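**Student:** One structure is given below, represented as structure tokens, and several questions about it will come after.
Numbering (our numbering), first residue to last: 1 to 431.
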């Protein structure tokens, strides 16, 4: 690409403005010039070769402004940029005022002041990349470089809080990072060839001082991301510890449930479980942390710097798994033993069949005791079951009926005694 850019600068440096006589000799019929402009409106990498060919045959001096506007407004893909630069070089070599016009049209879509708003981030990414390539190829000069610096300053300064344009800066660093900022990105995926900076050629279109300015913008932006993710990580760890503490307290409460139900029945669940708000807070902060971690890692690779290590608070599952793995490793290597001494290990691991040692009479007695115990257990279970099967409501109803009968009989006797004369009482005879 560096050689390609040098060729473009050489072409533009040796180009002479086409005089009026030469232009008059070219075809300027309305039909062909209209066809050219129509093709320019559907601009893509596939249409560039035919457009460059038509430039050498047509007189388009009246359409220079329209060509600049058409290229700046075209919906391009990243793969279209290099062919479009070839087209711009061809136009600028024939019509010198095109350089000023294309820069003016590109500036219309760039944020240059704090009050400006980014309406279309995708188009902004294409415009910045196109402007970089036009600068490196010599189509636009010092004014274009100033425009690039103002745009990058706007992004890096105004986006320090949200970091919404990390992917834009990453794509720019990986495509033209060395030419505009002296950056050597790390290979994506962790695999690639190590390149020394001294072996890379420098594009003369951008001075070392200007590259240093752009480099400082990128690294300062990266530093704000590191500070932000460290703060988010600390917040996440604090929330994680709080939730873990509540979860462990809940487990203790459940383990001692009999005591707590009896003594602290109403307080048992207040001191235990983490609230739904705390769990939601943890999930929200963890999602934000993972998003920032991905973006920061991506930007670190694009800038060619190492990602910092972040101390994340492990979850209970991660702690248990790590402890289990560590114990398995220690047991396998013989660093830790399950038994306090060799005698205890042999006792538990080499079980002896005592039936070959205990006298058979005692063994039978043990069997009889076990059998009788099992029978008693079964009988107790049957009794309990039969008691549970008793219809308590029916018994209560029968008792009420019996009490009613007794009361009725007593009332009858009282009535009879009141209506009849009292019987004579026979005196007691003493023997």
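For glycine and all other residues, C-beta sits at the position ideal for the given N, C-alpha and C. This one's a predicted model, so the numbers in the text were calculated from it and none came from an experiment.
1. Strictly by DSSP, which residues pair up with residue 58?
2. Grab me the residues of residue 288's own chain with a C-beta within less than 7 Å of its C-beta, minus the 5 sequence neighbours each way, in chain order.
3. Please name the residue, chosen from 74, 105, 46, 175, that lies closest to residue 304 on a Cα-to-Cα basis.
4. Determine contact between the region 100 to 112 and the region 45 to 57, defined as no fewer than three beta-carbon pairs at a distance below 8 Å.
5. Figure out for me which residue from 62, 166, 47, 333 has the closest Cα to the Cα of residue 81.
6. Is residue 246 helix, strand or coil by DSSP?
7. Whose CA, out of 116, 83, 291, lies closest to the CA of residue 154?
8. Using only CA atoms, which one of 140, 73, 133 lies nearest to residue 120?
9. DSSP three-state call for residue 81: helix, strand or coil?
10. Does any residue of chain C bring its CB to less than 8 Å from the CB of residue 42?
11. May I ask you to report which of helix, strand or coil DSSP gives residue 402?
12. Touching or not, the region 134 to 146 and the region 75 to 89, by the rule of three or more beta carbon pairs under 8 Å?
13. Leaving out the 5 sequence neighbours to the left and right, which residues in its chain are closer than 8 Å to residue 298 when beta-carbon positions are compared?
14. Entirely within the region 112 to 140 and at least 4 residues each: give me those alpha helix (DSSP H) ranges in chain order.
15. Helix, strand or coil: which one does DSSP assign to residue 46?
16. Could you pull out every residue in the same chain whose Cβ sits closer than 7 Å to the Cβ of residue 57, ignoring the five residues on either side in sequence?
17. Leaving out five residues on either side along the sequence, give the residues of the same chain with a beta carbon under 7 Å from the beta carbon of residue 308.
18. When burial is assigned at 16 or more other CB atoms within 10 Å of the CB, is residue 339 buried or exposed?
19. Quick check: the Cα distance between residue 108 and residue 29, rounded to an integer number of angstroms?
20. Starting from residue 300, trace the alpha helix (DSSP H) both ways and give me its first and last residue.
21. Out of 34, 23, 93, 84, state which residue places its alpha-carbon closest to the alpha-carbon of residue 59.
22. With 16 other CB atoms within 10 Å as the buried threshold, where does residue 185 fall?
**Tutor:** According to the structure shown:
1. 27
2. 232
3. 175
4. no
5. 47
6. helix
7. 116
8. 73
9. helix
10. The chain labelled as chain C is not found in the depicted structure, where only one protein chain is given.
11. helix
12. yes
13. 166, 167, 170
14. 121 to 136
15. coil
16. 26, 27
17. 226
18. exposed
19. 31 Å
20. 276 to 303
21. 23
22. buried
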